[in-house]
Amino acid sequence: MPKMYGWVREVVPESPADRAGLQPGDLIRSINGNVIRDLVDYRFYVADEELLIGYDRQQDQHEVRVKKGIDENLGVLFGDEPSPFIRICANKCVFCFIKGLPERFAPQHGLPHGMRSSLYVKDDDYRYSFLFGNFVTLTNLKEQDWQRLDEQKLTPLYVSVHVTDPDMRRKMVDGPRAGEILEHIEHLGSIGLTCHTQMVLCPDYNDGEYLDRSIRDLTALRPIVESISAVPVGLTKYNNMLPVENLPSMRRHTREEAEAIVDKLEAYQREFEASDPDGNPFVYLSDEWYFITEREFPPAKHYGLYAQIENGVGMTRFLIDQWARTKRRLPAQMPEHKHVTIVTSTMAEPVIAKFVQDMEKIENLDVQLLPVVNKFWGEGITVAGLLCGQDVLDAIFESSERSDLILLPRVMLDNDGVRFLDDITVEEFKAKLSPARVEFVRNAPETIDAIRALAGITRGGERKLVRVQSRL
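For the sequence shown, numbering that gives the first Met the number 0 begins at 0 and goes up steadily by one.
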């Protein structure tokens with residue numbers, strides 16, 4: 000019997016599920032006779048307007064009929080997404096991030112609680128690829144997986160190609176059928192699916208002629224392949240990468256190497272833009288390349304629909320444009336003197352510094368920009384999403400600035416927004432910084448809303464009652 004998935008965590012009030020009597024704690028085991036194995040099954044079968052839902056409550060089995068609009072959500076939220084039975088990666092990629100993690104719960108690393116457990120889960124699950132844009136290698140698909148992809152049309156997928164040369168991909172990915180990536184992508188196309196692809200570029204591995212071949216091979220598979228992104232390899236101080244056959248140990252790109260890669264890929268972009276009716280560059284550089292080489296970010300039209308934004312492709316341009324559109328909402332002044340600390344990563348510092356210049360125009364407001372060096376993973380890791388809570392706390396304490404408001408990127412936290420990578424909870428973090436107000440923001444509008452709230456301005460634009468000393 001297939002494993003089942005659907006433990007209901009929450010029922011949305013007044014939703015079809017609520018009206019049908021479903022409750023938190025129920026197990027949705029089938030919809031219209033189909034077993035619900037995971038979130039993909041649920042989303043596929045719940046799309047119908049008339050549903051026969053089989054569910055368990057405590058030890059009893061029940062069925063209920065539900066009618067809903069074709070675009071209406073059933074109204075249930077689950078506890079494990081997309082599945083508690085995650086497909087584990089069988090590959091041994093030479094640059095695997097898991098190899099860059101410290102030993103779990105190792106006191107010698109000075110961790111207060113140990114690392115977040117989910118970091119050590121090495122997934123390679125096509126369901127995560129479809130639902131959340133996670134990249135998969137396509138090396139572990141069985142016949143029943145291909146049948147399901149075909150039946151449910153799980154498209155587009157996000158595929159880690161890295162290199163198309165079969166021998167080099169076997170060395171880099173070192174997994175079952177690793178050298179058959181082009182055949183796997185062709186198989187996707189044969190069942191009507193498309194994919195976005197990525198190449199994690201590693202010096203002396205898949206650059207140079209290998210990179211040219213990969214681009215040519217993937218271009219030949221358009222429109223099955225919708226885009227290619229190139230990302231520089233990221234190595235932590237814990238990495239212990241051994242040479243693969245006659246290849247050297249893993250290392251980061253030098254500035255000169257990064258310049259050469261950007262030049263090469265920009266030439267491809269110009270070629271594709273000239274031949275594409277929509278001016279689509281097809282090949283994209285992740286934001287890190289522009290930071291490394293200190294080049295200007297392309298305009299928004301370069302990124303189209305931002306299909307690979309979760310892979311760091313266009314994220315900075317999106318933020319820059321978002322800030323430009325919303326900064327007019329910044330207040331002109333604070334009712335009394337205030338101090339704000341903006342925490343960011345070392346990579347994003349040049350961009351966030353321009354936002355801070357706009358904030359500094361607010362009367363009675365002092366703004367401190369605090370780029371945090373990643374001491375835990377090593378200074379070569381420069382993105383905000385890999386900053387640990389203790390490193391951030393240390394940086395704030397070392398700055399010796401008193402703040403009324405401390406703003407941090409929400410990406411530092413887990414999906415639920417409750418803990419950092421090093422397992423420090425938000426509650427613990429805020430307690431150490433009291434009485435300062437601490438907020439985690441996702442984007443420019445949330446940042447501006449936090450500044451406006453500090454000025455006593457509500458979302459509707461009305462200033463809250465502020466006690467003003469009489470001049471009489």
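Ideal Cβ placement from N, Cα and C applies to all residues, glycine included.
Asked	Found
Return the chain-ordered list of same chain residues with a C-beta closer than 7 Å to the C-beta of Val-355, the five sequence neighbours on each side being excluded.	Ile-341, Val-366, Leu-368
Enumerate, from N- to C-terminal direction, the unbroken beta strand (DSSP E) stretches of 3 or more residues contained entirely within the segment 128-200.	156-159, 194-200
Can you tell me which residues form a DSSP beta bridge with Tyr-283?	Ser-228
If you run the structure through DSSP and keep just helix, strand and coil, what is His-338?	strand
If you check the beta carbons only, do Ile-380 and Thr-235 fall under 8 Å apart?	yes
Roughly how many angstroms separate the alpha carbons of Gly-233 and Phe-43, rounded to a whole number?	36 Å
Are the CB atoms of Leu-21 and Tyr-54 within a distance shorter than 8 Å?	yes
For a minimum of 4 consecutive residues, which ranges assigned as the alpha helix (DSSP H) are wholly contained in the segment 308-373?	314-325, 348-358
Alpha carbons only, please: which of Pro-15, Phe-317, Gly-24, Glu-348 is nearest the one belonging to Val-7?	Gly-24
Residues in its own chain within less than 6 Å of Leu-404 by CB, not counting five upstream and five downstream?	Val-339, Arg-436, Leu-453
Please tell me whether Arg-409 and Arg-451 are closer than 8 Å, where the distance is taken between their beta carbons.	no
Going along the chain, which residues of its own chain have a beta-carbon closer than 6 Å to the beta-carbon of Thr-193, five neighbours each way excluded?	Thr-154, Pro-155, Ile-223, Glu-225
When DSSP labels each residue in this structure, what does Phe-77 get in the three-state scheme?	strand
In angstroms, rounded to a whole number, what distance separates the CA positions of Gln-351 and Ser-189?	Reading the sequence as shown, one finds Ile at residue 351 and not Gln. Taking the straight line joining both Cα atoms gives about 45 Å.
For the putative contact between Leu-210 and Leu-200, defined by C-beta atoms under 8 Å, what is the C-beta separation to the nearest angstrom?	7 Å
Report the option in Leu-386, Phe-290, Gly-311 whose CA atom is closest to the CA atom of Met-346.	Phe-290
Below 8 Å on the Cβ atoms is my contact criterion, and I expect His-186 with Trp-145 to pass it. Report the Cβ-Cβ distance as a whole number of Å.	7 Å
Let me check one thing: in DSSP terms, what residues is Gly-53 bridge-paired to?	Ser-29, Glu-62
Note the first and the last residue of the continuous alpha helix (DSSP H) segment covering Pro-15.	15-19
Any Cβ of chain B within less than 8 Å of the Cβ of Arg-212?	No chain B appears in the structure shown, which is made up of a single protein chain.
Can you name the residues that DSSP bridges to Leu-412?	DSSP output for Leu-412 lists no bridge partner at all.
Once DSSP output is grouped into helix, strand and coil, what is the label at Arg-215?	helix
Would you say Cys-284 and Val-261 are within 8 Å of each other, going by their C-beta atoms?	A quick correction: the sequence has Leu, not Cys, at residue 284. A contact, by the Cβ cut-off of 8 Å.
Do you know offhand how far Met-198's Cα is from Val-162's?	7 Å
Between the beta-carbon of Ala-299 and the beta-carbon of Asp-320, is there less than 8 Å?	yes
When you compare the CB positions of Glu-400 and Asn-363, do they come within less than 8 Å of one another, or not?	no
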